[in-house]
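Going by numbering that gives the first Met the number 0, the first residue of the sequence shown is number 0, and it counts up by one from there. Quick reminder that beta carbons are idealized off the backbone N, C-alpha and C, glycines included.
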Amino acid sequence: MKVLVIGAGNMGLTYAQGMAQSDLLKKKDLMILDSVREKTDALRKNDEFDVYEKIEDCLPYADIVFIAVKPYNSDALFEAIRAHKKPGQIFISIMAGVTIKTMQEAMDIKKVVRAMPNLAAKVGHGFTSFTASKQVSRLELLTVESLIDTTGRSILLATEMEIDKSTGISGSGPAYIFYFMQSMMEAAMKMGFSQKDARLMVAQTFQGAVELFNSSDLDPTAWMDRVASKGGTTRAALDSMEENNVKELIKDAAHAAFERAVQLGKENNKEYV
């Protein structure tokens, strides 16, 4: 099995490096393509995978192809793929908002997987939701899942609408966490702590909370009840959040991300002939 990653940007490199560091592929079976010479020169020095600048030199030899470019760069790429593809290839797209149908029509292909990763994939703790066209077999989906999971964990969803919904939760989710972390750091510094100490306090608190959450089947409310006691400091903080509708604001924010994902889909997709 040969895998090609198109696009040596942040997410393309993340997947390429994740697969390179796994036991799934040998070096000779992993290729990366980018048109920027400075990028490819730097990648060749690392010697992690075979590097290419011309699509005709690598696409015909790939069994699975990751498309990791921005949607606004996709038209010329789609034309190039259409010209140099081979039958039976599986294309995994992490382009936001570009539908399976659009890719099938634009590249004249059948087997398409649409995936939505998040930033934590860069450190091997990412979450990716994905769905696929009906032409991708169950066995092929298992292979796709194993490749995606080199950057963290994933779930297979039934529809593309669920991909848009997951964008509002897991795709954009790390930014919500960072927003909350920044607020807590600012609160700590306002109380007189140094930025260094505030960062450590907040980072360790979040990491510890996640470890606790993953250590059992308890839901977040149950864990909050374990921390908060009647008349105590934690209860005072939680009551303040409830009074200020923080939970509803977070729900509204996630829904806004979902709605934007739907809108991007309308903007990024068009009919191909």
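Mapping DSSP to helix, strand and coil, what is residue i?
i      : result
Thr13  : helix
Val35  : coil
Leu3   : strand
Asp238 : helix
Gly207 : helix
Val226 : helix
Asp49  : strand
Thr98  : coil
Ala114 : strand
Leu248 : helix
Met184 : helix
Thr130 : strand
Could you say which of the options lies nearest to residue i if we only look at CA atoms?
i      : options                           : result
Leu146 : Phe126, Glu161 and Ala157         : Phe126
Ala131 : Phe90, Glu78, Ser182 and Gly151   : Phe90
Gly87  : Val122, Val135 and Thr101         : Val135
Asp107 : Gly96, Ala119 and Ile80           : Ile80
Asp224 : Leu237, Ile249 and Glu185         : Leu237
Ile176 : Ser193, Asp163, Gly191 and Val201 : Val201
Phe65  : Ser214, Asp216 and Gly6           : Gly6
Lys246 : Val261, Val226, Pro219 and Ser92  : Pro219
Leu23  : Trp222, Glu144, Ser214 and Asn267 : Glu144
One question on the structure: do residue i and residue j come within less than 8 Å of each other, judged by their Cβ atoms?
i      : j      : result
Met0   : Ala67  : no
Ser128 : Ser73  : no
Ala253 : Gly151 : no
Arg36  : Glu52  : yes
Leu32  : Val2   : no
Gln103 : Val97  : no
Ser165 : Met115 : yes
Met18  : Thr142 : no
Lys27  : Asp49  : yes
Pro70  : Leu118 : no
Gln194 : Met188 : yes
For residue i, which residues from the same chain have a beta carbon less than 6 Å from its beta carbon, with the 5 sequence-adjacent residues on both sides left out?
i      : result
Ile99  : Val111, Arg113 and Ser132
Lys109 : Gln134
Asp62  : Met0 and Lys1
Ile154 : Ser128
Glu161 : none
Glu210 : none
Thr39  : Asp33, Val50 and Glu52
Val226 : Thr233
Please decide whether residue i counts as near chain C, where near means a Cβ-Cβ distance under 8 Å.
i      : result
Ile108 : Given the protein chain composition of this structure (a single chain), no chain C is represented.
Under the rule that 16 or more other beta-carbon atoms within 10 Å means buried, what is residue i, buried or exposed?
i      : result
Thr13  : buried
Leu58  : buried
Leu42  : buried
Gly264 : buried
Leu76  : buried
Asp196 : exposed
Val4   : buried
Considering only residues of the same chain and omitting the five flanking positions on each side of residue i, which have a CB-CB separation below 8 Å?
i      : result
Arg198 : Met184
Using a Cβ-Cβ cutoff of less than 7 Å, which residues in the same chain neighbour residue i once the five nearest sequence positions on both sides are dropped?
i      : result
Ser171 : Ala256
For the ligand ZN, any of its heavy atoms closer than 7 Å to the Cβ of residue i?
i      : result
Pro116 : Here there are no bound small molecules, and the ligand ZN is not part of this structure.
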